[in-house]
Amino acid sequence: MITLPPDYRPSDDEEFMNPQQVEYFRLKLLKWRADLLKEADETLASLSEGGIHEADITDRASVETDRALELRTRDRARKLISKINQALLRVEAGTYGYCEETGEPIGLKRLEARPIATLSIEAQERHERMERIHRDD
Numbered sequence: 001m002i003t004l005p006p007d008y009r010p011s012d013d014e015e016f017m018n019p020q021q022v023e024y025f026r027l028k029l030l031k032w033r034a035d036l037l038k039e040a041d042e043t044l045a046s047l048s049e050g051g052i053h054e055a056d057i058t059d060r061a062s063v064e065t066d067r068a069l070e071l072r073t074r075d076r077a078r079k080l081i082s083k084i085n086q087a088l089l090r091v092e093a094g095t096y097g098y099c100e101e102t103g104e105p106i107g108l109k110r111l112e113a114r115p116i117a118t119l120s121i122e123a124q125e126r127h128e129r130m131e132r133i134h135r136d137d
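Going letter by letter, the sequence shown gives residues 1 to 137 in full-length UniProt numbering.
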């Protein structure tokens, strides 16, 4: 088990995906997942407090809209948790941080911004260009 200094940040001066970097991203993913699960629990608690008790039809519509928005947000969070779990599996397998398409390093800046990334910036751009071309057909 690796213990990271509190101020540790991965740097390009280190070997890519060395044990410290892997642990840094593993902890980052675990914290992100825990935060999302906590938010989901809070949403569940607020939704289970009962039905809509607003007498005014406008207030009732507003509450229903808020609940629908919250449920959509929770659905996106559920999908994100699944991607986080997949990233954690890549950490365990030793493939985290490497592009699934090319096998090249994804890059620390991209992983900092999007820890669940599976493609390098170049591969992601190619993928998006192909999506646009095929979508336009």
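Just so you know, even glycine gets a beta-carbon here, dropped at the ideal spot from N, CA and C. Here the structure is a predicted model, which means the values were calculated and not measured.
In this structure, does DSSP put residue i in helix, strand or coil?
i: residue 6; result: coil
i: residue 19; result: helix
i: residue 14; result: coil
Please confirm whether residue i and residue j have their CB atoms less than 8 Å apart.
i: residue 104; j: residue 120; result: yes
i: residue 21; j: residue 6; result: no
i: residue 40; j: residue 67; result: no
i: residue 36; j: residue 80; result: yes
i: residue 61; j: residue 99; result: no
i: residue 13; j: residue 108; result: no
i: residue 23; j: residue 4; result: yes
If I'm right that residue i touches residue j with Cβ under 8 Å, what's the distance once you round it to whole angstroms?
i: residue 25; j: residue 115; result: 6 Å
i: residue 32; j: residue 84; result: 6 Å
Applying the criterion that 16 or more other CB atoms from any shown protein chain within 10 Å of the CB defines a buried residue, is residue i buried or exposed?
i: residue 55; result: exposed
i: residue 94; result: exposed
i: residue 87; result: buried
i: residue 117; result: buried
i: residue 111; result: buried
Residue i CB to nearest chain C CB: under 8 Å?
i: residue 87; result: The chain labelled as chain C is not found in the depicted structure, where only one protein chain is given.
Ignoring anything shorter than 3 residues, give me the beta strand (DSSP E) runs that lie fully in the UniProt domain "DnaK suppressor protein DksA N-terminal" (21 to 91), in order along the chain. Within the UniProt domain "DnaK suppressor protein DksA N-terminal" (21 to 91), no complete beta strand (DSSP E) run reaches 3 residues.
Unbroken stretches of the alpha helix (DSSP H), 4 residues or longer, contained in the UniProt domain "Zinc finger DksA/TraR C4-type" (94 to 129): 108 to 113
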